[in-house]
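Reviewing the structure listed below.
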Amino acid sequence: MLSDNPPPTSLDCSPPGPRRFIISKVVRFCFSIAVAVLVGGDKVAFYNCSFEGVQDTLRKHYFKDCYIKGGVDFIFGQGQSVYENCNLDAIGGSWGNQGYVTAQGRGAATDENGFVFKWCNITATKDSTFYLGRAWRDFSRVVFYKSNFQASIVPQGWEAWNKPVGNIVYAEEDCSGPGSNKAGRVAWERKLLGQELDYNINDFNHGKSWLPQQPS
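In full-length UniProt numbering, the protein residues as written are 1 to 216.
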């Protein structure tokens, strides 16, 4: 998993036997047009890691102080994931000058999954513009909170991708930077208030119950 050119196969690097947590620290995961990391377990955390790809780079769960690089849907899937203080580097180049940071796949209103980004930074290669996300499935959910958008964000911000906009939950709360101007955002972007905002920001992946229990 540390190679710049890993073989195109799935790797299970988790230890044998039962375990309460899976934790990775200071690790570099690289791939090109494929999933850099596919996480299928529960209570998985990454600290100070690097994830580099072009399309379909990541799926889930808790990421802190990480560097994530890609161009098209590079954070995607159905994870119930929180990204805290991460650097998201959107790349253009051979994939054109427009891309998508997220492609979240929540499939039903009762599903708990979605992506929450807190205190993150988004940068991009020169002359490239990016959507914050597009809806992979009908009830896609993505929230950016107090994040800095240095990247050039497409004015609309989001794309429904032919999904019913009334089901989609896309929100930006207290974000900053040149790309945070919401004057041209889609009319169906959500404004989170009260308990909904508190849940998404403070305990979206139920981290209060398991993150403090992780070994240091």
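Think of the CB as a built atom: it goes at the ideal place given N, C-alpha and C, for glycine as much as any other residue. Note that the structure is predicted; figures quoted are calculated from it, not measured.
**Request:** In angstroms with no decimal places, state the Cα-to-Cα distance between Q150 and G70.
**Result:** Cα to Cα, Q150 sits roughly 16 Å from G70.
**Item:** Option in L192, I153, K163 with minimal Cα separation from A183
**Value:** It is I153 whose Cα lies nearest to the Cα of A183.
**Item:** Rounded straight-line distance, which links the Cα of Y131 to that of N162
**Value:** In this structure, the CA atom of N162 is about 15 Å from the CA atom of Y131.
**Item:** Proximity below 7 Å, CB of R137 to CB of Y100
**Value:** At least 7 Å separates the beta-carbon of R137 from that of Y100.
**Prompt:** Comparing alpha-carbon positions, which option in Q156, V142, A90 lies nearest A124?
**Reply:** Answer by Cα proximity: A90.
**Request:** Give the single residue among K126, A103, G194 whose Cα lies nearest to the Cα of Y170.
**Result:** Comparing alpha-carbon positions, the option among K126, A103, G194 lying closest to Y170 turns out to be A103.
**Prompt:** Would you say N113 and F139 are within 7 Å of each other, going by their C-beta atoms?
**Reply:** No, these two residues do not count as a Cβ contact at 7 Å.
**Message:** Can you find the residues in the same chain that come closer than 8 Å, C-beta to C-beta, to C86, ignoring five residues on each side of it along the sequence?
**Reply:** F63, K64, D65, C66, Y67, I68, F117, C120, N121.
**Message:** To the nearest angstrom, how far is the alpha carbon of D73 from that of A160?
**Reply:** Those two C-alpha atoms are separated by around 13 Å.
**Request:** Starting from the Cα of W188, find the closest Cα among Q78, E172, S176 and give me that residue.
**Result:** Residue E172 is the option with its Cα nearest to W188.
**Nearest-angstrom Cα separation, counted from N48 out to Q80** = A straight-line Cα-Cα distance of about 19 Å links Q80 and N48.
**Message:** On the CB-based measure, 16 or more other CB atoms within 10 Å of its CB, does G107 come out buried or exposed?
**Reply:** Per the 10 Å Cβ criterion, exposed.
**Request:** Starting from the Cα of P155, find the closest Cα among R185, D203, G177 and give me that residue.
**Result:** With distances taken between Cα atoms, P155 lies closest to R185.
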